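Its first residue numbered 21, the sequence shown is counted upward by one per residue in this note's numbering. Quick reminder that beta carbons are idealized off the backbone N, C-alpha and C, glycines included. Treat the numbers as computed from the prediction; the structure is a model and nothing was measured. Shown next, in structure tokens, is the structure this report addresses.
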Amino acid sequence: MKIIKAKLTGKIQRTPSVVSFRLIPRERIDFAPGQFLQVVFDQDNPNNKDLNKYLSFSASPSKDYIEVTKRISDSDFSQRLNNFKINDEVLIKAPLGSCVFKDDYKKIGFLIGGIGITPVISIIEYIVEKKLNTDVVLFYSNRTEDEIAFKAELDGWQEENSNIKVIHTVTECQPKDKNCIFGRISKELLLEKDKYIKERILFIFGPPKMVDVMKGLCLETGCKGENLKTESFIGY
């Protein structure tokens, strides 16, 4: 793990409330798809959870930049990050995390809620870039269609790669996109949309309550507990 400064080189508005930040670290950071870093605003107090937070890499490790993505709230951390200007520097610790993709995985699935999509983007982009034959299915749930971060990228990868399947669900209003499903991820939906669900390595990212519910659904469908890889996104 390195503790280094990184310079902001770009900001991308993904949804009305979600922003991606592209950074160039002073030293190269080698990380695996699915890992995360810590943004450190309070160096004097490493245990300050309000100002030192973990964010997943949201771009492939092969890029010449690193990217993190955050849903912007009224919190001090969010506002400090969002107010960063191009060429400003921030201290980061990386890489962190063991919930990662491995090249020899043949079938993988993702059960994702909201901003939990960030490490998934890193993984799928890596698979696409390396032209791996990994069979991928993504179940991605959001409250509204407008809040689906990286929708254009995900839909593009699905269209261009026969081994990638994306199922969007929204929970608060009927979607305009005919490819979005109204409702929550359920046991019935998993079995209906993916005949290989029991054979997959399954990644579950999202708020703690959502992660617990999805783990339960997977076990109900007959998935093996040892095939479940989870990461709870806390304090977002």
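Collapsed DSSP secondary structure at residue i in the structure displayed
{"i": "Asn65", "result": "coil"}
{"i": "Phe97", "result": "helix"}
{"i": "Glu87", "result": "strand"}
{"i": "Asp214", "result": "coil"}
{"i": "Asn103", "result": "coil"}
{"i": "Leu239", "result": "helix"}
Top-ranked residue by Cα proximity to residue i, from the options
{"i": "Ser161", "options": "Thr154, Phe170, Ile217, Ile132", "result": "Ile132"}
{"i": "Gly203", "options": "Arg220, Val190, Phe77", "result": "Val190"}
Distance, residue j Cα to residue i Cα
{"i": "Phe130", "j": "Asp166", "result": "20 Å"}
{"i": "Phe104", "j": "Phe41", "result": "9 Å"}
{"i": "Gly236", "j": "Leu248", "result": "11 Å"}
{"i": "Ser80", "j": "Ile144", "result": "8 Å"}
{"i": "Lys27", "j": "Glu87", "result": "11 Å"}
{"i": "Leu75", "j": "Arg46", "result": "19 Å"}
{"i": "Asn153", "j": "Leu101", "result": "37 Å"}
Beta-carbon contacts of residue i that lie in its chain and below 6 Å, excluding the five residues immediately before and after
{"i": "Lys185", "result": "Val157"}
{"i": "Pro228", "result": "Ser252"}
Buried or exposed by the 16-neighbour rule on C-beta atoms within 10 Å, applied to residue i
{"i": "Met21", "result": "exposed"}
{"i": "Ala172", "result": "exposed"}
{"i": "Pro36", "result": "exposed"}
Same chain, Cβ closer than 8 Å to residue i, neighbours up to 5 away in sequence not counted
{"i": "Val38", "result": "Thr89, Lys90, Arg91, Ile92, Ile135, Glu167, Ala169"}
{"i": "Leu29", "result": "As written in the sequence, residue 29 is Thr, which differs from the Leu given in the question. Arg42, Leu43, Ile44, Tyr85, Ile106, Asn107, listed in sequence order."}
Cβ neighbours of residue i in the same chain (closer than 7 Å, five flanking residues each side left out)
{"i": "Phe51", "result": "Phe77, Pro81, Ala114, Pro115"}
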